[in-house]
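Residue numbers (UniProt numbering): 1 to 163.
Here a beta-carbon is modelled for each residue, glycine too, at the ideal position from N, C-alpha and C.
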């Protein structure tokens, strides 16, 4: 099967201008990519491919009967797509989306098998530490009933199915 991994904008208003946003990023960071596969950490992926023009997309083949995991690297931070750039910006949420396809018949397009995604915000390490600390403090101040609504942090992210 083939999976296509993309980093896209979560906010609807940015989805409408995604091409312009990505072109602006490409212009400010010539030669860089938004998304790559971390090959040494990934297991069971075959024929990883990147498209020179699709900076936010990677593809790979894999065998569903074998253990497979893909590690991706996001090379942009959430504040690169905010209007003001004077520090302290909130940053825009991204969505990592994985679409999986089976082989189509002769002359037929590939069959869509599954889609999943998760919401992410990408920060520089210092900013990420600060954000985690303030988020943790906010949650700790909430009543117990409200705290139960939050999911604890995990080493890995399980993607939710896209409906």
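Residue i and residue j closer than 8 angstroms at C-beta
i           : j           : result
residue 118 : residue 96  : yes
residue 172 : residue 13  : In the structure as shown, the chain begins at 1 and stops at 163. Residue 172 is therefore absent and cannot be evaluated.
residue 33  : residue 50  : yes
residue 60  : residue 78  : no
residue 1   : residue 105 : no
residue 37  : residue 72  : yes
Inter-residue spacing [alpha-carbon to alpha-carbon] between residue i and residue j
i           : j           : result
residue 110 : residue 68  : 21 angstroms
residue 156 : residue 27  : 33 angstroms
residue 142 : residue 151 : 14 angstroms
residue 149 : residue 138 : 13 angstroms
residue 126 : residue 108 : 49 angstroms
residue 80  : residue 31  : 16 angstroms
residue 19  : residue 144 : 43 angstroms
residue 90  : residue 62  : 37 angstroms
Residue environment, residue i, which counts as buried when at least 16 other CB atoms sit within 10 Å
i           : result
residue 41  : exposed
residue 3   : buried
residue 122 : buried
residue 43  : exposed
residue 55  : buried
residue 113 : exposed
If you scan the region 85-111 from start to end, which runs of the beta strand (DSSP E) of 3 or more residues do you find wholly inside it?
The region 85-111 contains these whole beta strand (DSSP E) runs: 94-102.
My parser needs the beta strand (DSSP E) runs of 3 or more residues fully inside the region 7-90; what are they?
Entirely contained in the region 7-90, the beta strand (DSSP E) runs reaching 3 residues are, in chain order, 35-37, 45-50, 57-62 and 72-74.
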